[in-house]
Amino acid sequence: MPRTWQKLRYSSQCESASIPRTSRRVRTTWQMSGAKPSPREEARTAQEAAAQLASMWDLQLASPSKVNLFLRVLGKRPDGYHDIASLFQAVSLHDDMYFAVLPPEATADELECTEPGVPSDDSNLVIKAFKAFRKRTGIEMYFRVHLDKRIPAEAGLGGGSGNAATALWAANELSGKSLTSKDLADIGAEFGSDVSFFFSMGTAYCTGRGEILKLLDRLLPQTLWLVKPTEGLSTAEVFKKLDLSQTSDADPEVLLKQIQTKIFVCCDYVNDLEKPSFELVPRLAVIKTALEDAGFNKVAMSGSGTTFFCMGEPDREMFGDNFALIFSANYDVQVMRGMFVWRRHPNYWYLQTPPLDELSEYRDERLVNKGLSGESPEPFLVNRQQP
Ligand code: C5P
Numbered sequence: 003m004p005r006t007w008q009k010l011r012y013s014s015q016c017e018s019a020s021i022p023r024t025s026r027r028v029r030t031t032w033q034m035s036g037a038k039p040s041p042r043e044e045a046r047t048a049q050e051a052a053a054q055l056a057s058m059w060d061l062q063l064a065s066p067s068k069v070n071l072f073l074r075v076l077g078k079r080p081d082g083y084h085d086i087a088s089l090f091q092a093v094s095l096h097d098d099m100y101f102a103v104l105p106p107e108a109t110a111d112e113l114e115c116t117e118p119g120v121p122s123d124d125s126n127l128v129i130k131a132f133k134a135f136r137k138r139t140g141i142e143m144y145f146r147v148h149l150d151k152r153i154p155a156e157a158g159l160g161g162g163s164g165n166a167a168t169a170l171w172a173a174n175e176l177s178g179k180s181l182t183s184k185d186l187a188d189i190g191a192e193f194g195s196d197v198s199f200f201f202s203m204g205t206a207y208c209t210g211r212g213e214i215l216k217l218l219d220r221l222l223p224q225t226l227w228l229v230k231p232t233e234g235l236s237t238a239e240v241f242k243k244l245d246l247s248q249t250s251d252a253d254p255e256v257l258l259k260q261i262q263t264k265i266f267v268c269c270d271y272v273n274d275l276e277k278p279s280f281e282l283v284p285r286l287a288v289i290k291t292a293l294e295d296a297g298f299n300k301v302a303m304s305g306s307g308t309t310f311f312c313m314g315e316p317d318r319e320m321f322g323d324n325f326a327l328i329f330s331a332n333y334d335v336q337v338m339r340g341m342f343v344w345r346r347h348p349n350y351w352y353l354q355t356p357p358l359d360e361l362s363e364y365r366d367e368r369l370v371n372k373g374l375s376g377e378s379p380e381p382f383l384v385n386r387q388q389p
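My numbering runs 2 ahead of the 1-based position in the sequence shown.
Written out as structure tokens, the structure reads:
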């Protein structure tokens with residue numbers, strides 16, 4: 003089923019609910035007659051469906067993924083978490099999120115997701131995000147969310163954390179923008195170590211349990227191949243398996259400097275969580291070696307896995323133009339493409355396009371460190387206290 007029709011099916015389910023908006027299910031002559039549509043008819047229908055979907059919601063946002071370009075684990079803390087030092091980078095592979103403000107009489111948020119098995123109750127980070135937002139601001143607003151999933155789960159790509167961050171951003175936008183990015187990052191840290199990162203501009207050096215951000219200038223643009231084995235891993239499980247006597251001794255500050263100054267193919271992509279992940283899923287080591295043999299310059303696991311990001315291109319003699327097809331058939335993996343992304347302006351979320359006049363005010367990209375809604379030029383530190 004084409005993606006737009008998947009969306010349309012879900013949006014039509016929303017019609018019966020309480021959003022005071024009208025929507026009309028788009029049906030064209032060819033659909034009613036059952037005749038095969040021409041490409042032009044299909045394209046028009048897809049456009050109409052997308053426009054219809056957009057008109058039903060108050061805000062549509064992309065919820066990006068992330069990779070950890072390196073991840074050092076420095077030690078275990080008394081609270082059970084681990085201190086890490088990691089370079090996080092936002093990636094273009096994203097989920098689509100649609101938000102609508104529910105009428106004043108609503109008493110609960112509503113979440114629907116295209117991915118079966120994603121919980122839509124209080125255990126979902128998106129619902130946790132809205133609750134935390136209300137608690138912090140005292141604003142009694144409830145939201146409906148449609149989540150169109152593309153980022154795989156248990157992948158080390160921060161999909162759920164990105165959804166929570168995007169929900170916090172949306173709640174703030176739809177309720178009058180009372181909070182700063184730093185406030186939102188603080189709230190996010192209460193329910194997930196990776197949530198705060200998304201309130202950077204897209205590149206951040208993260209320490210503590212991941213929630214203390216040092217905002218960095220943009221790295222060089224880079225495309226990636228993302229390879230997600232069918233097996234997933236829970237972050238808690240991987241940290242539990244980690245043997246701290248077996249971690250790398252690379253200095254994270256040196257790793258950081260290297261990535262900021264050298265070309266990517268010459269850098270070391272150390273990830274201390276690879277070893278425990280490979281112990282939990284031995285096939286991961288086989289897949290990593292196969293990716294290195296496929297001709298990529300660098301292959302490393304992101305976060306607690308199980309996704310590998312690969313830099314460079316697969317060997318053309320081996321794969322021609324069919325790397326994704328051949329490799330996924332041979333290794334039972336999902337192959338995706340992505341590129342580094344950044345927020346283009348502190349007032350806008352990832353992949354949102356600010357008007358030109360706002361962009362020109364903001365043309366020096368090195369100003370990103372000053373860019374959190376005019377806040378302090380210092381790198382911001384998220385509240386370290388546990389909830
Ligand atoms: O914060 P988050 O919910 O993503 O963490 C999931 C689990 O991963 C935690 O409960 C903890 O067991 C482990 N973790 C850790 N150290 C970190 C981040 C996560 O031990 N820095």
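Ideal placement from N, C-alpha and C gives every residue a C-beta, glycine not left out.
- Message: Just to confirm, is the Cβ distance from ALA206 to LEU217 under 8 Å?
- Response: Position 204 of the sequence shown, counted from the first residue, corresponds to residue 206. Position 215 of the sequence shown, counted from the first residue, corresponds to residue 217. Yes, they are a contact pair.
- Given PHE321, which residues of its chain have a CB within under 6 Å of its CB, disregarding the five upstream and five downstream residues? The sequence position of residue 321 within the sequence shown is 319, counting from 1. Within the same chain, PHE321 has close Cβ partners ILE328.
- To the nearest angstrom, report how far apart ARG46 and LEU159 are at their CA atoms. Position 44 of the sequence shown holds residue 46. Position 157 of the sequence shown holds residue 159. Straight-line Cα distance between these residues: approximately 33 Å.
- Okay, do the segment 307-325 and the segment 222-241 touch, 3+ Cβ pairs below 8 Å being the bar? yes
- Query: When the Cα atoms are used, what is the spatial distance from ASP253 to ASN273?
  - Reply: Taking the first residue of the sequence shown as position 1, residue 253 is located at position 251. Taking the first residue of the sequence shown as position 1, residue 273 is located at position 271. Their Cα atoms are separated by approximately 12 Å.
- Item | Sub-8 Å separation of GLU294 and VAL301 beta-carbons | Working through the sequence shown from its first residue, we reach residue 294 at position 292. Working through the sequence shown from its first residue, we reach residue 301 at position 299. In contact: GLU294 and VAL301 (Cβ atoms closer than 8 Å).
- Query: On the premise that LEU181 lies in contact with THR249, defined as a C-beta separation below 8 Å, what is that separation, rounded to the nearest angstrom?
  - Reply: Taking the first residue of the sequence shown as 1, we reach residue 249 at position 247. Taking the first residue of the sequence shown as 1, we reach residue 181 at position 179. That belief does not hold up - the Cβ atoms of THR249 and LEU181 are roughly 37 Å apart, past 8 Å.
- Message: With a threshold of 7 Å (Cβ to nearest heavy atom), would SER195 be considered close to ligand 1?
- Response: The count along the sequence shown starts at 1 and reaches residue 195 at position 193. Yes, ligand 1 has a heavy atom inside 7 Å of this Cβ.
- Item | Helix, strand or coil at PHE193 according to DSSP, with G and I counted as helix | As a working note, residue 193 is residue 191 in the sequence shown. Coil.
- Message: Quick check: the Cα distance between GLY194 and SER163, rounded to an integer number of angstroms?
- Response: By one-based count along the sequence shown, residue 194 stands at place 192. By one-based count along the sequence shown, residue 163 stands at place 161. So the alpha carbons of these two residues sit roughly 7 Å apart.
- If you draw a straight line from the alpha carbon of GLN224 to that of MET341, how long is it in whole angstroms? Walking along the sequence shown from the start, residue 224 turns up at place 222. Walking along the sequence shown from the start, residue 341 turns up at place 339. Each residue's Cα considered, the two are about 6 Å apart.
- State the DSSP-derived secondary structure class of PRO118, mapped to helix, strand or coil. Counting from one through the sequence shown, the residue named residue 118 turns up at place 116. If DSSP states are grouped into helix, strand and coil, PRO118 belongs with coil.
- Residues near SER236 by beta carbon distance below 8 Å, same chain, minus five either side: If you number the sequence shown from 1, residue 236 lands on position 234. Excluding residues within five positions, the ones whose Cβ falls inside 8 Å are GLU156 and SER306.
- Message: Just to confirm, is the Cβ distance from GLN91 to GLY204 under 8 Å?
- Response: Residue numbering aside, residue 91 sits at position 89 when the sequence shown is read from its first letter. Residue numbering aside, residue 204 sits at position 202 when the sequence shown is read from its first letter. Closer than 8 Å, so yes.
- Hey, how far is the Cα of THR31 from the Cα of CYS115? Translated into the one-based positions of the sequence shown, residue 31 becomes position 29. Translated into the one-based positions of the sequence shown, residue 115 becomes position 113. The predicted model places THR31 with a pLDDT of 43, which falls under 50 and marks its position as unreliable, so this point remains unresolved.
- Beta-carbon proximity of VAL69 to ILE86, cut-off 8 Å: The count along the sequence shown starts at 1 and reaches residue 69 at position 67. The count along the sequence shown starts at 1 and reaches residue 86 at position 84. In this structure, ILE86 does not lie closer than 8 Å to VAL69 by Cβ.
- Query: Using a threshold of 7 Å, is the CB atom of ARG42 nearer than that to any non-hydrogen atom of ligand 1?
  - Reply: On the sequence shown, residue 42 is found 40 positions in, with the first residue counted as 1. Distances from the CB of ARG42 to the heavy atoms of ligand 1 are all 7 Å or more.
- Query: Ends of the alpha helix (DSSP H) at ARG231?
  - Reply: Translated into the one-based positions of the sequence shown, residue 231 becomes position 229. The sequence shown places Pro at residue 231, not Arg. Taken as a continuous stretch (DSSP letters only), PRO231 belongs to no alpha helix (DSSP H), being part of the beta strand (DSSP E) at 225-231.
- Query: By a C-beta neighbour count over all protein chains shown, 10 Å radius and 16 as the cutoff for buried, is GLY161 buried or exposed?
  - Reply: Residue mapping note: residue 161 aligns to position 159 of the sequence shown, counting from 1. The residue in question, GLY161, is buried, as its Cβ has 16 or more Cβ neighbours within 10 Å.
- Item | DSSP state of ALA302 mapped onto helix, strand, coil | Position 300 of the sequence shown, counted from the first residue, corresponds to residue 302. Three-state result, ALA302: strand.
- Task: Look up GLN78 in the DSSP assignment and give the residues it is bridged to.
- Result: Numbered from 1 along the sequence shown, position 76 holds the residue referred to as residue 78. Note that residue 78 is Lys in the sequence shown, not Gln. In the DSSP assignment, LYS78 forms a beta bridge with HIS84.
- Query: Looking at C-alpha atoms only, which residue of VAL240, VAL343 and MET58 is the closest neighbour of GLU281?
  - Reply: One-based indexing of the sequence shown puts residue 281 at position 279. Comparing Cα positions, the closest option is VAL240.
- Once you ignore the five residues that flank GLN336 on each side, which residues in its own chain have a CB closer than 7 Å to its CB? Stepping through the sequence shown from its first residue, residue 336 is reached at position 334. Around GLN336: PRO154, LYS230 and SER330.
- Message: In this structure, how does DSSP classify LEU282 when only helix, strand and coil are distinguished?
- Response: On the sequence shown, residue 282 is found 280 positions in, with the first residue counted as 1. Of the three classes helix, strand and coil, the one that applies to LEU282 here is helix, per DSSP.
- Option nearest GLU175 by Cα separation, candidates PRO316, LEU55 and ASP60: Start at 1 with the first residue of the sequence shown, and residue 175 comes out as number 173. When each option's Cα is compared against that of GLU175, the closest is ASP60.
- Message: Just verifying my parser: in three-state terms, what is the DSSP assignment at GLN354?
- Response: Translated into positions along the sequence shown, residue 354 becomes position 352. Coil at GLN354, not helix or strand.
- Message: Using C-beta distances below 7 Å, list every residue in its chain close to ILE189, excluding the 5 sequence neighbours before and after it, in chain order.
- Response: In the sequence shown, residue 189 corresponds to position 187, counting from 1. Take ILE189, set aside five residues on each side of it, and the residues of its chain with a beta-carbon closer than 7 Å to its own are ALA134, PHE135, ARG138 and LEU170, in chain order.
- At 4 residues or longer, and completely inside the segment 93-174: list those alpha helix (DSSP H) runs for me, N to C. Within the segment 93-174, the runs of alpha helix (DSSP H) at least 4 residues long that lie entirely inside it are, in chain order, 127-139.
- Considering only residues of the same chain and omitting the five flanking positions on each side of ILE289, which have a CB-CB separation below 6 Å? Mapped onto the sequence shown, residue 289 falls at position 287. Counting only Cβ-Cβ distances below 6 Å, and skipping sequence neighbours, we find PRO231 and TYR333.
- Item | Any non-hydrogen atom of ligand 1 within 7 Å of ARG211 CB | Your numbering for residue 211 matches position 209 in the sequence shown. Checking every heavy atom of ligand 1 against the Cβ of ARG211, one is found closer than 7 Å.
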